[in-house]
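These notes are about the structure you will find just below.
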Amino acid sequence: MNFTNTLQSKIILVSLLFLSSFAFSQEENTAPAKDSIPYVTLYDLFKKKENRVDEPESLTNFIILPTIGLQPASGFTGGFISQYSFREKMENKISLIAGGASYSTKKQILTYLKNNMYLKDNTYFLTGDIRYYVFSQSNYGLGSDIVPYGDAFDNFSYEDIEEPMKYNYFKFHQTANYKIIENVYAGLGIHIDSYDSIDDELLDVANGELTEHYKYSQAYRYNDKHYTVAGGSLNLIYDGRDNLINTNSGLYVNLSYRFNPELNTSQQNSTTLTLDSRYFIPLSKSNKQHVLGFWTYGQFLTSGNLPYLNLPAIGWDQNSRSGKGYTQGLFRGANLITFETEYRFPIMKNQLISGTVFANATSASDVEGNLHLFHTFQPAVGVGLRILLDKNTLTNFVMNFGLGRDSKTFYFNDGEGF
């Protein structure tokens, strides 16, 4: 069985999206502008007003704080988040290492360490995403038509298609990229995704109660209890952002072609193409915190097959923010693309509190169901609040409320979604 459309059509699609992003990239790579009013952070609230002075810009900044969170797939979580940002010189790009650990009301253990680092006068760009989860997450089937339109939606319930699952997940993704010309990098990556101790809670083969995960695994000859996807990647990156933590202006495009060779009976040959494109327009010359952002994120299976849990799904990007308005993993398919637009604006002149409004739409394919990419879209809208944590990097603590079709979600996070 072939779980892809033609490789040629996907390359054309991604090339058009890539080129269309460049068509809008006429921005200058400048540092964030500040108003004459001093910025105030959450930590400043615990200081006397006369002690709230702007410290000189530093080459390094470190933030660590306990946090409570709420995400649909995890429930309430408690733990800590940390962020170390640095640059070798003030004129260099900001680098970031972020990590954290938490425990959720759904008995999940969530640990992560991520990096986006510019080294040797921006000559090298390293990106990484390492996670270990003791996890639980429901599956809902493949394709973006699982939430129907028309009369069928009147009687629709997520509980009717929900299939709870528990598993352990280990992720190791690391790329190393070299600057070819200004803002343009190319490089290689190593990628490992391992899923084990899979407990498909509704599966009862003896009584004919089969789940989507089990049926897919049987059809494509995967062990439904554990599997691993390991391979390498070729990467091409353009980064003209003024600040990767909280971007006020600039363009970022990352094209990654991943190849997973057949290693043993648990891994089949496959190739995937990932597009991550972000463009930011400052809307005010006097206060660049008025920003309009555009994000396109897509993953496309260009050849071979992937195990079910490794198929592209919302909420599984590096920041786990795609598809806000729907629970993580709700929309899944061999090919998936999501578009998001967000307006960010200050609420207080001292930037302590700012806000966002956003809208997004997601499409996912289901070849077995003869559903092609772009055939159906699932929209969502939302609002958010930001609380400033650091003046130099403009790091915010983030609260987002998303509203999808018969779906409500609430998120606590650190840092922007894209």
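For the sequence shown, the residue numbers in this note's numbering are 5 to 422. Yeah, the Cβ is synthetic: ideal placement off N, Cα and C, and Gly gets one too.
Distance between Tyr189 and Gly297, taken at the CA atoms: about 22 Å.
Gln222: member of the alpha helix (DSSP H) spanning 216-223, first to last residue. Around the beta-carbon of Gly193, 16 or more other beta-carbon atoms lie within 10 Å, marking it buried.
The residue among Ile357, Tyr218, Val361, Ser411 with its C-alpha nearest the C-alpha of Lys395 is Ile357. Under the DSSP assignment, Tyr162 falls in the alpha helix (DSSP H) whose first and last residues are 162-165.
If you draw a straight line from the Cα of Thr399 to the Cα of Gly254, it is about 17 Å long. Here the alpha carbons of Phe84 and Ile98 stand approximately 23 Å from one another. Taking one beta carbon from each stretch, the stretch 274-282 and the stretch 305-315 have 3 or more pairs nearer than 8 Å; the two touch. Between Phe349 and His294 a beta carbon distance of about 5 Å is seen, short of the 8 Å cut, so the two are scored as contacting.
Three or more beta-carbon pairs drawn from the stretch 401-415 and the stretch 322-340 are found closer than 8 Å, and the two stretches are therefore classed as touching. For the pair Ala317 and Leu287, the CB atoms are not nearer than the 8 Å cut-off. Around the CB of Gly82, fewer than 16 other CB atoms lie within 10 Å, so the residue is classed as exposed. Counting along the chain, Ala102 sits inside the beta strand (DSSP E) bounded by residues 99-108. No Cβ-Cβ contact shorter than 8 Å links Thr45 with Leu377. Tyr226 places its beta carbon 8 Å or farther from that of Pro152.
For the 8 Å CB-CB criterion, Tyr136 and Thr115 form a contact.
With contact defined as three or more Cβ pairs closer than 8 Å, the stretch 142-149 and the stretch 115-129 are not in contact.
Distances from the alpha-carbon of Ala105 to those of Ser86, Arg91, Tyr162, Glu95 put Ser86 closest. For Leu315, the secondary structure class from DSSP, reduced to helix, strand or coil, is coil.
In this structure, Tyr43 keeps its C-beta atom at 8 Å or more from the C-beta atom of Asn250. About 6 Å separates the Cβ atoms of Asp197 and Lys175, confirming a contact at the 8 Å cut-off. Residue nearest to Ser89 within the set Ser78, Ala102, Phe80 is Ala102 (criterion: CA-CA distance).
Taking C-beta separations shorter than 7 Å and ignoring five residues to either side along the sequence, Lys111 has no partners in its chain.
Every beta strand (DSSP E) stretch that sits fully inside the stretch 132-189 and reaches 3 residues is listed by chain position as 169-185.
Of the other Cβ atoms in all chains shown, 16 or more fall within 10 Å of the Cβ of Val233; this residue is therefore buried. The criterion of a C-beta distance shorter than 8 Å is satisfied by Lys170 and Asp203. Around the beta carbon of Ile41, a 10 Å sphere encloses fewer than 16 other beta carbons of the protein chains shown; the residue is thus reported as exposed. Secondary structure at Lys412: strand, using DSSP grouped into helix, strand and coil. The DSSP-derived three-state label of Tyr231 is strand. The three-state reading of DSSP puts Leu375 in strand, counting E and B together. With fewer than 16 neighbouring CB atoms inside 10 Å of its own CB, Ser161 falls in the exposed class. Close CB contacts of Leu407 within its chain, under the 7 Å cut and outside five residues either way in sequence, are with Gly329, Ala384, Val385, Gly386 (chain order). In the DSSP assignment, Ser290 falls outside any beta strand (DSSP E), carrying neither H nor E. Taken through DSSP and simplified to helix, strand or coil, Leu46 comes out as coil.
Between the alpha carbons of Gly327 and Leu100 lies a distance of about 24 Å. The residue among Arg325, Ser367, Arg336, Met352 with its C-alpha nearest the C-alpha of Met403 is Arg325.
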